[in-house]
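Here's the structure we're looking at; comments come further down.
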Amino acid sequence: MKMYYLIIFLLFAANSVYSNDRIYPYKLEIGEFYQSSELISNAHGDSASVTFQIKSDFAEADEMISVMKSGVKTESQSITLQNRRILNKKLIDGHLFMLTSSDFQFSLVIMNSNLEFNIYPIFDLREGIPSQFNAEILGKIDEDLLFVFAGKLYRFNLGLNSLSKIESESEFTQSFILSPNVQNIEIVGVVKERNNADAIYITGTELLESRNKFVSFDENLVLNNKHHLYFISSERNSNQTFIQSIALESFATLSAFWVNTSMRLLNFDFDDENLQMSYVTNQSDKYEFVISTINANNNLTEVSRIELPSYMLFPRALLKSLDSYVVLFANGIVMIDSFGKIISVASFNIKFPENEELQIYDYGNHFIISSNSLSVAFNIKENNLWLFNRVVEGVKEYLVAFLFIFTLIIFVQLYRHQRRLFREMIDLPGIGFMIFIDNKGRLVLYNALARDALGITKAIPKRKYFEFYFKNESYKEISSLLNSSFESRSNLTERINIEIGADSREWMCKTIILRNIAGRFRGVFFTGVDITEQLQRKRISNWAQIAHDMQTNLSTIKLNAEQIECDDFPDMVKKKTRILHQVKLLIHRVRDIVTVGRSDKVDYSKHDINVICNEVLSEFDDTMFPNVTIENHAASIMFYCDKAKIIRAIRNAIENSIKATDNRNGLIQINAIRNNANIEISIKDNGKGMTPETLAKMMIPYFTTGRKTGGSGIGTMIMQHVVELHGGKLEINSEIGVGTECKFIFPIIPPKTSIKFHDRSE
33 MKMYYLIIFL
43 LFAANSVYSN
53 DRIYPYKLEI
63 GEFYQSSELI
73 SNAHGDSASV
83 TFQIKSDFAE
93 ADEMISVMKS
103 GVKTESQSIT
113 LQNRRILNKK
123 LIDGHLFMLT
133 SSDFQFSLVI
143 MNSNLEFNIY
153 PIFDLREGIP
163 SQFNAEILGK
173 IDEDLLFVFA
183 GKLYRFNLGL
193 NSLSKIESES
203 EFTQSFILSP
213 NVQNIEIVGV
223 VKERNNADAI
233 YITGTELLES
243 RNKFVSFDEN
253 LVLNNKHHLY
263 FISSERNSNQ
273 TFIQSIALES
283 FATLSAFWVN
293 TSMRLLNFDF
303 DDENLQMSYV
313 TNQSDKYEFV
323 ISTINANNNL
333 TEVSRIELPS
343 YMLFPRALLK
353 SLDSYVVLFA
363 NGIVMIDSFG
373 KIISVASFNI
383 KFPENEELQI
393 YDYGNHFIIS
403 SNSLSVAFNI
413 KENNLWLFNR
423 VVEGVKEYLV
433 AFLFIFTLII
443 FVQLYRHQRR
453 LFREMIDLPG
463 IGFMIFIDNK
473 GRLVLYNALA
483 RDALGITKAI
493 PKRKYFEFYF
503 KNESYKEISS
513 LLNSSFESRS
523 NLTERINIEI
533 GADSREWMCK
543 TIILRNIAGR
553 FRGVFFTGVD
563 ITEQLQRKRI
573 SNWAQIAHDM
583 QTNLSTIKLN
593 AEQIECDDFP
603 DMVKKKTRIL
613 HQVKLLIHRV
623 RDIVTVGRSD
633 KVDYSKHDIN
643 VICNEVLSEF
653 DDTMFPNVTI
663 ENHAASIMFY
673 CDKAKIIRAI
683 RNAIENSIKA
693 TDNRNGLIQI
703 NAIRNNANIE
713 ISIKDNGKGM
723 TPETLAKMMI
733 PYFTTGRKTG
743 GSGIGTMIMQ
753 HVVELHGGKL
763 EINSEIGVGT
773 ECKFIFPIIP
783 PKTSIKFHDR
793 SE
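Quick note on the numbering used here: the sequence shown kicks off at 33 and runs consecutively.
Encoded structure:
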C-alpha cells in the first residue's frame with residue numbers, strides 16, 4: 033500500500049507542476065468581493081482614479097454611495113440618497129451623474145468625489161408621465177447633458193440650468209452620441225420597426241433631413257470614426273451579429289456582413305481609418321478568439337486567431353482592459369494581449385448575474401469586474417516560472433506514461449482491496465437481498481439478508497447449485513428469474529410479489545450478467561429490494577391529489593343539501609339528513625389524507641389566462657361564500673401551460689384567500705400581466721394577512737395555519753409543485769391587517785426546448 037500512496041503523490045505533484053494556469057506570464061488571484069454593489073470608475077490603467085461604490089439596501093429600499101481610493105475598499109465616508117431611487121447613472125469628468133425618481137419627481141443628481149451633490153428637478157411625474165418609462169444618460173456635449181426619458185431625447189444645460197426637448201414624431205428606441213462629431217452630426221437616434229430601424233441624425237435640438245434605414249434586431253449599437261458609421265445589431269441570445277457600414281459624407285451603405293458571435297462577446301477599437309474587431313466564436317465545438325480589421329475600403333481582414341483552453345465553458349462576456357482583453361467564462365477568466373496571445377488563465381466559481389451588463393475597470397496591478405449587484409477584484413501577479421512550466425507541459429505525456437507503468441504494478445493489490453471492500457459493502461444496512469451465482473450455477477456469495485431469508489446455516493453445505501437453496505415456495509419466482517437470466521445470459525428486471533405468511537411484499541429484482549475482460553461469462557449477480565412501503569406511499573400520494581380536489585365539490589354538495597326546504601315532508605327530511613351525514617363523513621375522510629400525489633408529466637398547450645381564470649371562478653358557488661367577492665381582472669394573454677395544473681394552482685390560491693377573509697366582507701382580485709418573457713398571475717385578498725414568521729414557513733411541506741379547521745398544507749404544496757413543473761416561481765407577500773398576495777410567475781414559452789407543444793389554443 034505504501035507504493036500505492038507514493039504513486040498517488042507523484043501523480044498529484046505532476047499535476048501541480050504543469051497545472052494549466054502556471055504556463056502563462058501572469059496569474060490572477062481573486063481579491064475583494066463587493067456584494068450587492070455596483071462600481072463605477074474612470075480607472076484607466078493607473079491608481080489615480082475616482083471609483084464610486086453604489087450598494088443597494090434591499091431592506092430599506094435605499095442605495096448607499098461611497099468613494100473608493102485607488103479601487104481598494106476603505107473605511108471611506110458614505111452617503112445615502114433617502115427615498116430616492118436611482119434609475120440610471122454615468123461617470124463623466126469625475127462626477128457621478130444620476131437620473132432619479134422620488135416623491136413624484138424626476139430629477140438629475142450630480143455628485144463629486146467628496147460626496148457633495150446637487151439636485152436638479154426636471155419633471156413632475158404626476159403631470160401626464162406614463163407609469164412605465166425608460167431613463168438613460170447618453171453623455172455630455174460641451175455643457176449639455178443628453179438623456180432619454182420616456183422615449184424622448186432631452187438636452188439639459190448645466191450652466192444655465194435649462195432643459196430642451198429634441199422634437200421627434202416617433203419615440204427613440206435607442207440613442208447614441210457620435211465621437212468624434214462628423215458632418216455636423218452630434219447624435220444618432222434609432223426608431224425601431226420590427227426587424228429594421230430608422231437612423232435619425234441630430235445636431236443641437238434639430239433633426240437633419242438625412243437618415244438611413246438599417247437591419248435591426250433586439251440589441252443595437254452605433255459606432256463611428258471620422259469617415260464611417262457602423263450599425264451593429266443582434267438578436268437576444270443569438271450567436272450571430274450583423275454589421276452595416278455607412279459613409280458619413282454620402283450616407284450611402286458601403287457594406288454589410290455577419291460575424292459568428294453574440295454582441296456580448298464582441299469588442300471594437302477605432303483609429304482614424306480602420307475599425308479593429310475582436311470577438312469570441314465557437315468553431316467545431318471549441319472556442320476561439322479572433323482579431324480582425326475593417327479598413328477604409330471596408331475590406332475585412334483577419335489578423336489573428338487562437339484556440340482558447342478547452343476546459344473553459346460558456347463564455348459570458350468579452351471585456352477590454354486597457355491593452356489586453358478579458359474573456360469571462362462561467363468557470364474562469366482568460367486574459368489575452370493586444371497581439372492575440374494568451375497571457376493568463378484562471379479558474380474560479382463566481383456566478384455573475386446572467387441578465388446584468390458587465391463593466392471592467394483597470395487599476396494597473398488589478399482590475400475589477402462589476403455588474404449591478406456584484407463586483408469582484410482580480411489581482412494581477414507575475415508568474416516567474418511560467419516558461420519552465422510550459423516546457424514541463426510539453427513533456428507531460430511522457431511523464432504520465434511513466435507514472436502509468438508504476439500504477440499497473442499495484443493494480444493487482446488494488447483489485448484485491450476492492451474485492452475485500454465489496455464483501456464488506458454488501459452487508460451494509462439497507463443494501464437489500466444480494467447473491468452471486470458463478471458460471472456453473474453455484475451460489476458462491478451472499479449477504480446477511482439473503483442468508484437469513486434463505487435459511488442458510490452452518491449445517492447446510494456451501495457452493496451448491498442455487499436451486500438447492502430456494503426450496504421455500506415464497507422465493508420460487510426469484511429462482512425462476514435467476515434461471516431465465518442464467519440461460520439467456522442477459523440482464524433482467526422484474527417486480528415480484530413475495531408471500532411471507534400472511535404478509536405480501538413487493539420486491540424490485542434485478543439480475544446483472546458479469547463477464548471477464550475477454551467477454552466470457554462469469555456468473556449472475558442478483559439484487560432484490562423491498563419496495564412495498566415506497567409503492568404504498570405513491571398510492572397514498574395519488575389518492576391525496578384526488579381527495580384534495582374533491583373538497584370544494586363536497587362542500588358545494590353539503591351547502592346545497594342544507595338549503596333544500598323540505599320541512600313539510602318528513603321522508604325528505606330524513607333523506608336530507610342522511611345526505612348531509614354522508615357528505616360530512618366524506619369530507620372528514622378526504623381531510624385525513626395528508627400526502628400529496630405528484631405527477632411530473634406536463635401536457636403543454638397554448639391557452640388564454642383570462643379564460644382559465646373564468647373557468648376557475650365557475651367552480652366556486654357564490655352562495656357558499658356570500659361575504660366574499662371575487663373579481664377577475666386578468667388580461668387576455670396567451671401562454672403555454674398544462675391547463676389542468678394551472679387551474680389547480682389558481683383554485684388553491686383562491687381557496688386560501690377565502691379562508692383568510694374569516695367570514696367578513698372579503699375582496700379577492702385576480703390579475704395577470706405580461707412581464708418581458710414571463711406572465712405574472714396574482715391572487716390578492718384583503719384578509720387578515722400573515723406574520724413574517726408564518727410567511728417564512730409557507731413553503732415548508734405540509735405547513736398550515738388551519739390545522740384546527742382541517743387544513744393540511746396540501747394546497748400550498750400543490751401550488752409549489754405546479755410552479756416547479758412549469759419552470760416558474762411562486763412569490764407570497766402578506767401583511768397583518770392588509771391581506772395576502774400570491775403571485776405565480778411562469779415563462780410564456782417553457783425553457784425546455786425538447787418539449788413537444790400541442791397546437792390547440794383557446
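For glycine and all other residues, C-beta sits at the position ideal for the given N, C-alpha and C.
Keep in mind the model is a prediction, meaning the values are calculated, not measured.
Beta-carbon gap between residue i and residue j smaller than 8 Å
| i | j | result |
| --- | --- | --- |
| E499 | L513 | no |
| F399 | I392 | yes |
| L345 | N331 | no |
| S376 | L60 | yes |
| N299 | L350 | yes |
| V99 | T83 | yes |
| G221 | I209 | no |
| K638 | M604 | no |
| T693 | V660 | yes |
| W539 | G555 | no |
Per-residue DSSP class, three states only, for residue i
| i | result |
| --- | --- |
| D484 | helix |
| P29 | Shown here, the chain extends from 33 to 794; a query on residue 29 therefore has no answer. |
| A692 | helix |
| A681 | helix |
| Y501 | helix |
| A676 | helix |
| E281 | coil |
| F434 | helix |
| I625 | Low confidence applies here, because I625 scores a pLDDT of 49, under 50, leaving its location unreliable and the question unanswered by this model. |
| Q445 | helix |
| E663 | strand |
| E594 | helix |
| M540 | strand |
| Q206 | strand |
| E386 | coil |
| I686 | helix |
| I161 | coil |
| K197 | strand |
| E756 | helix |
| L440 | helix |
| K570 | helix |
Start and end residues, alpha helix (DSSP H) containing residue i
| i | result |
| --- | --- |
| R226 | Element bounds for R226: n/a, residue is neither H nor E. |
| S520 | K508 to S520 |
| V648 | I641 to L649 |
| R706 | First-last for R706: G698 to N707, but that is the beta strand (DSSP E), not the alpha helix (DSSP H). |
| L727 | P724 to A728 |
Nearest-angstrom Cβ-Cβ length linking residue i and residue j, presumed shorter than 8 Å
| i | j | result |
| --- | --- | --- |
| F246 | Q206 | Not a contact, Cβ separation roughly 12 Å. |
| L140 | F129 | 7 Å |
| I72 | I86 | 7 Å |
| F518 | I510 | Actually they are not in contact, since the Cβ atoms of F518 and I510 sit about 12 Å apart, beyond 8 Å. |
| Y186 | K172 | About 13 Å; that fails the 8 Å criterion. |
| H665 | N703 | 5 Å |
Sheet register partners of residue i (DSSP bridge)
| i | result |
| --- | --- |
| F179 | I169 and Y186 |
| G63 | Answer is none; G63 lacks a bridge partner. |
| L113 | Its beta-bridge partners do not exist; DSSP assigns none. |
| Q391 | S402 |
| A409 | I400 |
| I713 | A704 and F776 |
| Q272 | Paired residues: none, contrary to the question. |
| L524 | T543 |
Range of the contiguous beta strand (DSSP E) that encloses residue i
| i | result |
| --- | --- |
| L239 | E238 to V247 |
| L15 | Examination of residue 15 is not possible in this model, given that the chain is present from 33 through 794 alone. |
| N150 | F149 to D156 |
| N146 | Premise fails: N146 is in no beta strand (DSSP E) and is neither H nor E. |
| N252 | E251 to N256 |
| F371 | Looking at the DSSP string, F371 is not in any beta strand (DSSP E), and its letter there is neither H nor E. |
| S73 | S69 to S73 |
| G555 | F553 to D562 |
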